[in-house]
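Protein sequences, first through last, are from chains A and B. Numbering of the first sequence is given in my numbering, commencing with residue 589 and proceeding in unit increments. Numbering of the second sequence is given in my numbering, commencing with residue 317 and proceeding in unit increments. Idealized CB from N, CA, C, for every residue including glycine.
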Amino acid sequence: MTRRANEAVATYVVGDIQGCLASLRALLAAVGFGAADRLWCVGDLVNRGPDSLGTLRFARDLGERFATTLGNHDLHFLAMVHGGHPHRPGDTLEALLDAPDRDELAGWLRGQPFLLETEDWLVVHAGVPHVWNLAAVRARAAELQTAVRGAEHPAFFKAMYGNEPAQWDDALTGMARLRAITNHLTRMRLLDVAGVMEFSHKGALAEAPAGYKPWFAYPSRLPGKVVFGHWAALFGVAPDQCHPRTRAWGVDTGCVWGRRLTALRLDDERLFSVPAMERRAA
Amino acid sequence: MNASTPPARRPSGKTYLVGGAVRDGLLGLPVRERDWVVVGATAAEMLAHGYKQVGRDFPVFLDPRSGEQHALARTERKTGPGHADFTCHAAPSVTLEEDLLRRDLTINAMAKDGDRLIDPHGGKADLDARLLRHVSPAFAEDPLRVFRVARFAAQLPSFRIADETLALMASMRPELAALSGERVWAELAKAAAGPAPARFFETASALNGAVWFEQLNLDATVALFRRRAFRNQATALVAIGWANQRDAIASTLSRLKAPRLTARAATALAGHGPALVEAETAPALLEALAAIGVFRPGPLPELVFAAVEDCAGESLQPLRDLAQALRRIRVDATPGPAYGVALRDARLARIASWQKAHR
Chain A
589 MTRRANEAVA TYVVGDIQGC LASLRALLAA VGFGAADRLW CVGDLVNRGP DSLGTLRFAR
649 DLGERFATTL GNHDLHFLAM VHGGHPHRPG DTLEALLDAP DRDELAGWLR GQPFLLETED
709 WLVVHAGVPH VWNLAAVRAR AAELQTAVRG AEHPAFFKAM YGNEPAQWDD ALTGMARLRA
769 ITNHLTRMRL LDVAGVMEFS HKGALAEAPA GYKPWFAYPS RLPGKVVFGH WAALFGVAPD
829 QCHPRTRAWG VDTGCVWGRR LTALRLDDER LFSVPAMERR AA
Chain B
317 MNASTPPARR PSGKTYLVGG AVRDGLLGLP VRERDWVVVG ATAAEMLAHG YKQVGRDFPV
377 FLDPRSGEQH ALARTERKTG PGHADFTCHA APSVTLEEDL LRRDLTINAM AKDGDRLIDP
437 HGGKADLDAR LLRHVSPAFA EDPLRVFRVA RFAAQLPSFR IADETLALMA SMRPELAALS
497 GERVWAELAK AAAGPAPARF FETASALNGA VWFEQLNLDA TVALFRRRAF RNQATALVAI
557 GWANQRDAIA STLSRLKAPR LTARAATALA GHGPALVEAE TAPALLEALA AIGVFRPGPL
617 PELVFAAVED CAGESLQPLR DLAQALRRIR VDATPGPAYG VALRDARLAR IASWQKAHR
């Protein structure tokens, strides 16, 4: 594809791809993704969809033009490779786990961050809790990234799973602290006003348990805007659905569930959306 | 195609791939249908070779084997104000370049002979520069092209409309009223299925409503389409009602001859969509549910629910469940006026308890 004339490089942030490479290709063709444009993802590149292996190879081959924040499904894949975690029902990671370049791809994925930033934007997988400010989210994402990248990563992946701690506390240390950061950045949907997370609810807001609200319904302490994924049931979130002091765009529109793949162009805050291309399992 | 159809021999003319297939191929987009131009042949020859003529007035034929459209190379001249008022000149002497010259945008005026690109109007350069640019001043002879360009802006969101093309489109305003509503609607419907439907309305807005959309609140419509993704073409079209006044949407869709279900759903959305999400009293919610047809058979309520979900970004499943429960309510009352009162009271009671739990 040729580079657009008269236009600066664009940055597209795409929602959860989850192995839906055909939809990703359709979306990139539809937006006229240029040879110098950047593609960022909110995470969950893999799992549930048909082509996790192809998606990782495609993303890696974009080189410097691609970056993603790590999502819970990405961590699950890494925990299977590095932490000995078993296959779970619904996983579609076999081809990826059996691939000759599995370790190379896992190594590349493990190098991705938990937070992407521009001057005006933060990109995270699940969200930023209202109890964190910019310095906090930066520091905690960096802590987690150090654990995932570092030599002790097998120990992290072995102990990564668990709903506790469900509330942030600056005094947390060790694995409990890393698990709390993981839960906030990659699994959070609902919290109560004190910041206690609720993990069982994945559906619509109208059915949320009493006392809990989505993280973006609280006033943000961040100076900029946030792009996130992770919550397909909402079919996207726009700033007018957030607390007036929170400017967040949710770009997970449930591609892997046969709905749509959506990207936000950061430069002019435009949404682009294509129907899922994957044939759905009956 | 029926496998028993005898293979037709090729007519004597030369055949070129043209239009959208050439454009989408160069853009890496999926090619949905392929159109061909035949140069140096006559209609009689085409028919003799087994091609079937599509319309009476245009030299357009279907290939009985592939089902693909083959048109004789032609030039066109405008004879009246509408979209269909043309005389068409097709003859073996019309060249490919002349045929490409009558087309709307440079990116649609390229042809392919096998792998060879034939591009007399700079279509490839405009494609690389992501420009929607008219081929020649003859663009202005077909007012439907104003809405085709708006539709291309929605389907090809990385392209911008060339300044001189937008100026030409603005100058075509006096011709727009003569268009048929159905043709304008068809362009809007295609735009609604594209990756960025907002751009159709942005283009209309840049043309002060382009006659057909001037009753709409285009700023609100653009804002809605810029912040939401729609699950499908149907909810995207109905969603126009969310951003507009009831009378404005009803009148606009009626002039566009929109399909009845779409028009009813969009009008219902304009009148009652907000109440479905935030009605505070039981009578207000009952009125909204009744108005969207919850107590009548048919697809209207579900289409409205889906469109409201896409507009508001929130599931209405609890409301669907409520509607289902309300439909099942039967009352033990004497037929007659008392029955209606009792039924209404029972429905209101059910809604009130639902509102206590959900709102």
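Query - Other residues of its chain near Arg419(B): CB distance less than 6 Å, five sequence neighbours each side excluded - result: Ala425 and Val451
Report task. Check whether the Cβ atoms of Leu779(A) and Leu732(A) sit closer than 9 Å, and answer yes or no. Result -> no
Query - Top-ranked residue by Cα proximity to Met748(A), from Asn660(A), Leu641(A), Gln606(A) and Leu822(A) - result: Asn660(A)
Requested in this report: May I ask you to list, following chain order, the residues of the segment 376-401 of chain B that have a beta carbon less than 7 Å from some beta carbon of chain A?
Outcome: The residues in question: there are none.
Query raised in the report: Of all the residues that make up the segment 619-647 of chain B, which are near chain A by a beta-carbon distance shorter than 9 Å?
Result: Glu625, Asp626, Ala628, Gly629, Glu630, Ser631, Leu632, Gln633, Pro634 and Leu635
Query raised in the report: What does His386(B) pair with, by DSSP beta-bridge criteria?
Result: Trp352(B) and Phe377(B)
Requested in this report: Express the C-alpha separation of Arg858(A) and Val881(A) in angstroms, rounding to a whole number.
Outcome: Absent from the structure is residue 881(A), since the part of chain A shown begins at 589 and ends at 870.
Query raised in the report: Where Arg666(B) and Thr761(A) are concerned, what is the direct C-alpha to C-alpha distance, given to the nearest angstrom?
Result: Cα to Cα, the separation comes out at about 51 Å.
Query raised in the report: According to a CB-to-CB cut-off of less than 8 Å, which residues of the segment 779-794 of chain A neighbour chain B?
Result: Those residues of the segment 779-794 of chain A that come within reach of chain B (Cβ to Cβ, closer than 8 Å) are Gly791, Ala792, Leu793 and Ala794.
**Report entry** Buried versus exposed call for Tyr367(B) [16 or more other C-beta atoms within 10 Å across all chains shown]
**Finding:** buried
Query raised in the report: Are Met851(A) and Val619(A) close, meaning C-beta to C-beta below 9 Å?
Result: According to the sequence shown, residue 851(A) is Ala rather than Met. Yes, the pair counts as a contact, with Cβ atoms nearer than the cut-off.
Query raised in the report: Is there a Cβ from chain B that is less than 9 Å from the Cβ of Glu652(A)?
Result: No, because no Cβ of chain B sits closer than 9 Å to the Cβ of Glu652(A).
Requested in this report: Quick one: give me the first and last residue of the alpha helix (DSSP H) that Ser640(A) is part of.
Outcome: Ser640 to Asp649
Requested in this report: Kindly list, in the order they appear in chain A, the residues whose Cβ is closer than 7 Å to that of Arg544(B).
Outcome: Ordered by position in chain A, the residues that pass the 7 Å Cβ test against Arg544(B) are Gly824 and Ala826.
Report task. Would you identify the three-state DSSP class for Glu655(B), choosing helix, strand or coil? Result -> Here residue 655(B) turns out to be Tyr, not Glu, going by the sequence shown. Three-state result, Tyr655(B): helix.
**Report entry** The beta strand (DSSP E) enclosing Phe816(A), as first and last residue numbers
**Finding:** Lys813 to Phe816
Query - Span of the alpha helix (DSSP H), counted from its first residue to its last, around Phe665(A) - result: Judged by DSSP secondary structure, Phe665(A) falls within the alpha helix (DSSP H) whose first and last residues are Asn660 to His670.
**Report entry** Counterpart residues of Glu392(B) in DSSP-defined beta bridges
**Finding:** Cys404(B)
Query - Near the ligand NAD: Ala574(B) beta-carbon under 8 Å from a heavy atom - result: With respect to small molecules bound, the structure shown includes none, and the ligand NAD cannot be examined in it.
Query - Listed by chain order, chain A residues near Ala512(B) by CB distance under 9 Å - result: Ala618, Val619, Arg858, Leu859, Phe860 and Ser861
**Report entry** Under the three-state DSSP convention, the category Asn560(B) falls into
**Finding:** coil
Query raised in the report: Does the beta carbon of Phe475(B) come closer than 9 Å to any beta carbon on chain A?
Result: yes
Query - Helix, strand or coil at Thr481(B) according to DSSP, with G and I counted as helix - result: helix
Report task. For His437(B), go through chain A and note every residue whose CB falls closer than 7 Å to its CB, in chain order. Result -> Here the premise fails: no neighbours, minimum Cβ distance about 18 Å.
Query raised in the report: Between Gly622(A) and chain B, is there a C-beta pair that is closer than 9 Å?
Result: yes
Query raised in the report: Out of curiosity, what's the CA-to-CA distance linking Leu664(B) and Arg643(B)?
Result: CA-to-CA, the gap between Leu664(B) and Arg643(B) works out to about 12 Å.
Query - Within-9 Å CB hit, Ala821(A) to chain B - result: yes
Query raised in the report: Under 9 Å between C-beta atoms, does Leu534(B) make it to chain A?
Result: No, no contact with chain A.
Query raised in the report: Does the segment 608-628 of chain A come close enough to the segment 647-666 of chain A to have 3 or more Cβ pairs within less than 8 Å?
Result: yes
**Report entry** chain B residues whose Cβ lies nearer than 8 Å to that of Thr850(A)
**Finding:** Ala545
**Report entry** 9 Å Cβ cutoff met for Phe804(A) and Gly715(A)
**Finding:** yes
Query raised in the report: So Gly838(A) is in the beta strand (DSSP E); what residue range does that whole segment cover?
Result: Ala836 to Gly838
Query raised in the report: When the distance is taken between beta carbons, is Thr657(A) closer than 9 Å to Asp701(A)?
Result: According to the sequence shown, residue 701(A) is Pro rather than Asp. Yes.
Query - Any C-beta of chain A under 9 Å from that of Arg464(B) - result: no
Query raised in the report: For the candidate residues Val376(B), Asp379(B) and Ala427(B), whose alpha-carbon lies nearest to that of Leu342(B)?
Result: Ala427(B)
**Report entry** Residue closest to Thr841(A), alpha-carbon to alpha-carbon, out of Trp819(A), Cys830(A), Pro832(A) and Asp855(A)
**Finding:** Trp819(A)
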